[in-house]
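Numbering (the working numbering), first residue to last: 837 to 1154.
What follows is the structure in structure tokens.
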């Protein structure tokens, strides 16, 4: 990595366009005619947080995803590990997923790859390596990389974050599982699209990719138009959801997320922007709604898929 300067969140706020023209934000790249004519512009993925309250083991979560008709799943590392610790075979579940043409599009882990303390960061990379091994055994090749350990730090040095993301990507390359730097709107670090793009661009790694989220973009204060600045091909997975106009942005929480189309988020416009930017991402439905957690998990999954498909149907292929 080149010698780094001090560049923080505050600098991003002052100079939001600094990363224009870099590899991570090459908007306007032409999309091939073949890609533009895809019958299915995006994949449909289910993040298992959406039915967390039902406390299903991994194999039953997979059954829900199969029965609901998705072609992708985004499980949580803790559920994968619990299933394995209780004697479950990840190899068998990987075969079941493959037999049903379901891709493990991503997985949710919480390795502390970004923290300042060198020993803690080294331990975080070991955690990431272990988590990636679980994902690989289940048949996946991507994992979320949120800013765990830096959520309460003001003006985090983004050059440091980029260098550390590079190191994480190297671990991922060795393990065959690519970490996607993830936006967390409630965090003081990596809560805005500009920060996410900066870290992905400045890490200077060919595998760099970003994991945006409709709710988190709103919660973090970024406008959705910033998605036009991203190279859509570097969005492998996109967390989709919706949110109401009340509670307001300052107090809204994960639990307030609702099904796509049941809130006020401009989801169709968002999907149009990333489609035009070249993305054919897996759209992963990620909700934490306590009311949905009380309902039949299959019905929640089916309802969610129908609503995401209804939004995608309005995306213009051009």
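We put the CB at the ideal spot given by N, CA and C, even for glycine. In this text, all values refer to a predicted model and were calculated from it rather than measured experimentally.
- Assign residue 993 to one of three DSSP states: helix, strand, or coil. By 1-based counting over the chain shown, the position of residue 993 is 157. Three-state result, residue 993: coil.
- Query: Just the Cα atoms here: how many angstroms apart are residue 976 and residue 931?
  - Reply: Here residue 976 corresponds to residue number 140 of the chain shown, with the count starting at 1. Here residue 931 corresponds to residue number 95 of the chain shown, with the count starting at 1. Taking the straight line joining both Cα atoms gives about 12 Å.
- Task: Just confirm the distance between the C-beta atoms of residue 907 and residue 889, as a whole number of angstroms; I'd bet it's less than 8 Å.
- Result: Numbered from its first residue, the chain shown carries residue 907 at position 71. Numbered from its first residue, the chain shown carries residue 889 at position 53. That pair is no contact at about 24 Å.
- Query: Is residue 1067 near residue 1050, with beta carbons less than 7 Å apart?
  - Reply: Here residue 1067 is taken as the residue at index 231 of the chain shown, counted from 1. Here residue 1050 is taken as the residue at index 214 of the chain shown, counted from 1. Not in contact: residue 1067 and residue 1050 (Cβ atoms no closer than 7 Å).
- Query: Within the chosen definition, does the segment 971-990 reach the segment 1014-1031 through at least 3 CB pairs nearer than 8 Å?
  - Reply: yes
- Query: Can you tell me where the beta strand (DSSP E) with residue 1135 in it begins and where it stops?
  - Reply: Within the chain shown, the letter at position 299 stands for residue 1135. Unbroken run through residue 1135 is the alpha helix (DSSP H), 1133-1148; no beta strand (DSSP E).
- Within this structure, are the beta carbons of residue 948 and residue 984 separated by less than 7 Å? By one-based count along the chain shown, residue 948 stands at place 112. By one-based count along the chain shown, residue 984 stands at place 148. Yes, these two residues count as a Cβ contact at 7 Å.
- Quick one: using the 10 Å Cβ neighbour count with 16 as the cut-off for buried, is residue 1087 buried or exposed? Against the chain shown, residue 1087 aligns to sequence position 251. Residue 1087 should be labelled exposed.
- Message: For a quick check, are the C-beta atoms of residue 1069 and residue 1114 less than 7 Å apart?
- Response: As a working mapping, residue 1069 is identified with position 233 in the chain shown. As a working mapping, residue 1114 is identified with position 278 in the chain shown. Cβ atoms of residue 1069 and residue 1114: closer than 7 Å.
- Count the C-beta pairs between the segment 956-969 and the segment 934-942 that are closer than 8 Å, then say yes if the count reaches three, no if not. no
- Query: So is residue 885 buried or exposed if we call it buried at 16+ other beta carbons inside 10 Å?
  - Reply: As a first step, residue 885 is located in the chain shown; it is residue number 49 there, counting from the start. It counts as buried.
- Query: How would you call residue 1143, buried or exposed, if buried means at least 16 neighbouring beta carbons within 10 angstroms?
  - Reply: Sequence index remark: in the chain shown, residue 1143 carries index 307 (1-based). That one is buried.
- Query: Under three-state DSSP, which class holds residue 1151?
  - Reply: Position 315 of the chain shown holds residue 1151. Residue state for residue 1151 is assigned as coil, using DSSP reduced to three classes.
- If you count every other CB in all the chains shown that lies within 10 Å of the CB of residue 1059, and 16 or more means buried, which is it? Position 223 of the chain shown, counted from the start, is the residue given in the question as residue 1059. Exposed, by the Cβ-count rule.
- Item | beta strand (DSSP E) runs wholly inside the segment 997-1069, at least 3 long, in chain order | 1014-1018, all fully within the segment 997-1069.
- Query: Can you give the Cα-Cα distance for residue 998 and residue 914, rounded to whole angstroms?
  - Reply: Taking the first residue of the chain shown as 1, we reach residue 998 at position 162. Taking the first residue of the chain shown as 1, we reach residue 914 at position 78. Approximately 26 Å between the Cα atoms of the pair.
- Message: Using the Cβ count rule (16 or more neighbours within 10 Å means buried), how would you classify residue 923?
- Response: As a working mapping, residue 923 is identified with position 87 in the chain shown. By the neighbour-count criterion, in which 16 or more other beta carbons inside 10 Å mark a residue as buried, residue 923 falls on the exposed side.
- Query: Counting along the chain, where does the beta strand (DSSP E) carrying residue 1119 start and finish?
  - Reply: Position 283 of the chain shown, counted from the start, is the residue given in the question as residue 1119. Residue 1119 -> beta strand (DSSP E) spans 1118-1121.
- Mind checking which residues open and close the beta strand (DSSP E) that includes residue 1075? Taking the chain shown and counting its residues from 1, one reaches residue 1075 at position 239. Taken as a continuous stretch (DSSP letters only), the beta strand (DSSP E) holding residue 1075 covers 1073-1076.
- Task: Determine the burial state of residue 1085: buried for a count of at least 16 other Cβ atoms within 10 Å of its Cβ, exposed for fewer.
- Result: The residue labelled residue 1085 in the question sits at position 249 within the chain shown. With fewer than 16 other Cβ atoms within 10 Å, it is exposed.
- Message: Could you compute how far the alpha carbon of residue 902 sits from the alpha carbon of residue 933?
- Response: Against the chain shown, residue 902 aligns to sequence position 66. Against the chain shown, residue 933 aligns to sequence position 97. The straight-line gap from Cα to Cα measures roughly 8 Å.
- Three-way DSSP call (helix, strand, coil) for residue 1128 in this model: What you label residue 1128 is simply residue 292 of the chain shown in a count that begins at 1. Reduced to three states, the DSSP call for residue 1128 is helix.
- Query: For residue 969, which three-state DSSP category applies?
  - Reply: Position 133 of the chain shown, counted from the start, is the residue given in the question as residue 969. In the structure shown, residue 969 sits in a helix (DSSP, three-state: H, G or I).
- For residue 897, count neighbouring C-beta atoms within 10 Å of its own C-beta (all shown protein chains included) and say buried if the count is 16 or more, exposed if not. For this step, residue 897 is matched to residue 61 along the chain shown. With 16 or more Cβ atoms within 10 Å of its Cβ, residue 897 is classed as buried.
- Compare the beta carbon distance of residue 1025 and residue 964 with 7 Å and say whether it is the shorter of the two. For this step, residue 1025 is matched to residue 189 along the chain shown. For this step, residue 964 is matched to residue 128 along the chain shown. Cβ atoms of residue 1025 and residue 964: not closer than 7 Å.
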